[in-house]
Amino acid sequence: MFAVNDNFSSLPASYLFSEVARRVQAYTEAHPEADVIRMGIGDVTRPLCPAVIDALHRAVDDEGAAATFHGYGPEQGYSFLASKIASHDYRSRGIDISEDEIFISDGAKSDTGNIGDILSPDCRVAVTDPVYPVYVDTNVMAGRAGTLQPDGRWSNIEYLPCTTDNGFVPQLPSSSPDVIYLCYPNNPTGTVLTREELEKWVEYCRRNGALLLFDAAYEAFVRTPGIPRSIYEIEGAKEVAIEFRSFSKTAGFTGIRLGYTVVPHELKGRGADGSPVALNPLWRRRQTTKFNGASYITQRGAEALYTPEGERQSRETVDYYLANARIMLDSLREAGYECTGGVDSPYVWIKTPDHLSSWEFFDLLLNRYNIVGTPGSGFGPSGEGYFRLTAFNTRENTVRAMSRLRL
Ligand SMILES: *Cc1c(COP(=O)(O)O)cnc(C)c1O
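According to the numbering used here, the sequence shown is numbered sequentially starting from 14.
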């Protein structure tokens, strides 16, 4: 019989959200009258803004007339959108990124997961801990992770703990990894890194010939002046960093799917003979071979975000979530909880009280307050003893959930 990719067999079942669902169901069956408020969701709840909806409708009509019909488009995305990304998201902010450094895709999950295709299977990887699980699991699938140890860590991955002990600021690696994943604003902790901190990482990667994979899926939530929204705000980052962006959390595209990845021309790795190899043509080749482009309709929808109305409307939606986060942060602190995030991020990260485990706190919040969140231990070993609540809810539910904490 043929052999399978055994790396998949070594991946433990991802039981986090199914276990959450199981416990919630058991509770609601036992307490049918309970009004359970779900604050564990990592999905947005506000609808797409009117500017996007109008553009989507127009694009649908385009597809219904021979003169404006669009079939296969460019795999790396239409120029009408890439040019606006380059000018609005980068050049207008003083960052020199050109259209052919932008690769439009169906989202940042695919891109952060697929990027390993253009890296050696021997690359050593470092991640912050807790972490967005995609970075770890896709490296397990590619055979880069080594073996799973009893402490829940993979032997070939360096974990950079982010806890109250270091103020959620990861230390530079000790194992000289080739590839480092950073996500800021962070999922799950909701924390950000200052310009000075990000400068350290860019400097580290330049000095050590490492690649920085920077996930900026939450950049639109940054409101604190001076906090970078792009890694390319840091001098020299174009030589070491790939940036991933998504329209999911910033504009509600989780259902219709769209994101993009920036691979600068200056960014080079090493070939087998030691000579420098540019990553931009490699990623272009990867995408044109394995991906057939995001749909014309969704790209027209995203284009509308770069009009004055689209910009204003999508900002209002992000503001709505940020106001929820503010309410959560204030209420939780008033109730005596130690928490971070929630300022430049839709996530509030709570330290569990009384040394409760993440799951013990989950049960306590569910049973006492009928609030559902996500146990921090599901995001990595250093997430144990923490808990994530999200601001992706209605104002009404957010206020109701938080008022229960005062009882
Ligand atoms: C939600 C999220 C993404 C976005 O994924 P899409 O595939 O674009 O919807 C990427 N990275 C992180 C850390 C996320 O939380």
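Beta carbons: idealized from backbone N, C-alpha and C, even for Gly.
What you are looking at is a predicted structure, and each value in this text was computed from that prediction instead of being measured.
Separation of residue j from residue i, as counted between CA atoms
i	j	result
P394	T141	11 Å
E76	A307	15 Å
A155	E112	30 Å
R208	G84	43 Å
P277	F227	13 Å
E46	Y40	10 Å
D48	R381	12 Å
E428	Q300	There is simply no residue 428 to check, as the chain begins at 14 and stops at 420 in what is shown.
L211	L29	31 Å
D343	V385	18 Å
I110	E256	11 Å
P359	G396	18 Å
A348	I115	45 Å
A26	L132	26 Å
P143	P174	7 Å
I98	N305	20 Å
Y399	W362	7 Å
G222	G90	30 Å
F15	L24	20 Å
N18	T302	21 Å
Pair within 8 Å by beta-carbon distance, residue i and residue j
i	j	result
T202	T353	yes
I244	D357	no
Y194	Y231	no
F405	D135	no
G389	R408	no
G268	T330	no
S118	G272	yes
R297	G120	no
L161	V182	no
K364	T177	yes
P190	R157	no
L379	L369	no
Which residues DSSP lists as bridging residue i, in chain order
i	result
Y172	V140
Y85	Paired residues: none, contrary to the question.
F374	Answer by DSSP bridge pairing: none, since F374 is not bridged.
K364	E351 and Y399
T387	R401
I193	A139 and L225
W167	L161
A291	K281
Any C-beta of chain B under 8 Å from that of residue i
i	result
A39	Structure shown: chain B not included; a single protein chain is present.
Sequence ranges, alpha helix (DSSP H) only - wholly within the stretch 137 to 164, length at least 4: Within the stretch 137 to 164, the complete alpha helix (DSSP H) segments at least 4 residues long are 146 to 154, listed from N- to C-terminus.
Residues proximal to ligand 1 by C-beta, any heavy atom closer than 5 Å: Chain-ordered list of matching residues: G120, A121, K122, Y145, C196, N200, D228, A230, S259, S261 and G272.
Inside the stretch 30 to 59 only - beta strand (DSSP E) runs reaching at least 3 residues: For the stretch 30 to 59, not a single whole beta strand (DSSP E) run of length 3 or above is found.
Runs of beta strand (DSSP E) wholly within the stretch 61 to 140 (minimum 3 residues, chain order): The stretch 61 to 140 contains, as complete beta strand (DSSP E) runs of 3+ residues, the segments 115 to 118 (chain order).
Residue ranges of each beta strand (DSSP E) within the stretch 195 to 282, 3 or longer: Within the stretch 195 to 282, the beta strand (DSSP E) runs of at least 3 residues that lie entirely inside it are, in chain order, 224 to 228, 254 to 259 and 272 to 275.
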